[in-house]
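**Student:** In the numbering used here, the protein residues as written are 384 to 447.
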Amino acid sequence: MTNRLTSTDQLSVGQVAERSGVSISALHFYEREGLIFGSRNEGNQRRFNRDVLRRLAFIRASQR
384 MTNRLTSTDQ
394 LSVGQVAERS
404 GVSISALHFY
414 EREGLIFGSR
424 NEGNQRRFNR
434 DVLRRLAFIR
444 ASQR
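Pasting the structure below:
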């Protein structure tokens, strides 16, 4: 079994936080402010496309 994601996979908020180094509360803030966009699954959990990782890297670099 592999841990690689396909382009159709969505990441949970915890996975995005772990991979980006951004706290979950910051992710919620960025979403409220319209900087990142997520969707909800049937269980009402946030899901993000992998592209959000690039956007978060840009946000973090811009803060420096």
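Ideal Cβ placement from N, Cα and C applies to all residues, glycine included.
Nearest-angstrom Cα distance between Q428 and S395?
**Tutor:** So the alpha carbons of these two residues sit roughly 8 Å apart.
**Student:** With distances taken from CA atoms, which of S445, A444, L439, R443 is nearest Q398?
**Tutor:** Residue L439 is the option with its Cα nearest to Q398.
**Student:** Cutting at 8 Å between CB atoms, please list the residues of its own chain near E414, excluding the five before and the five after it.
**Tutor:** If we look at E414 and ignore the five residues flanking it on each side, its Cβ neighbours are F420, G421, R429.
**Student:** Ordered along the chain, which non-local residues of its own chain (more than five positions away) have a Cβ less than 6 Å from that of V405?
**Tutor:** Excluding positions up to five away in sequence, the list reads L439.
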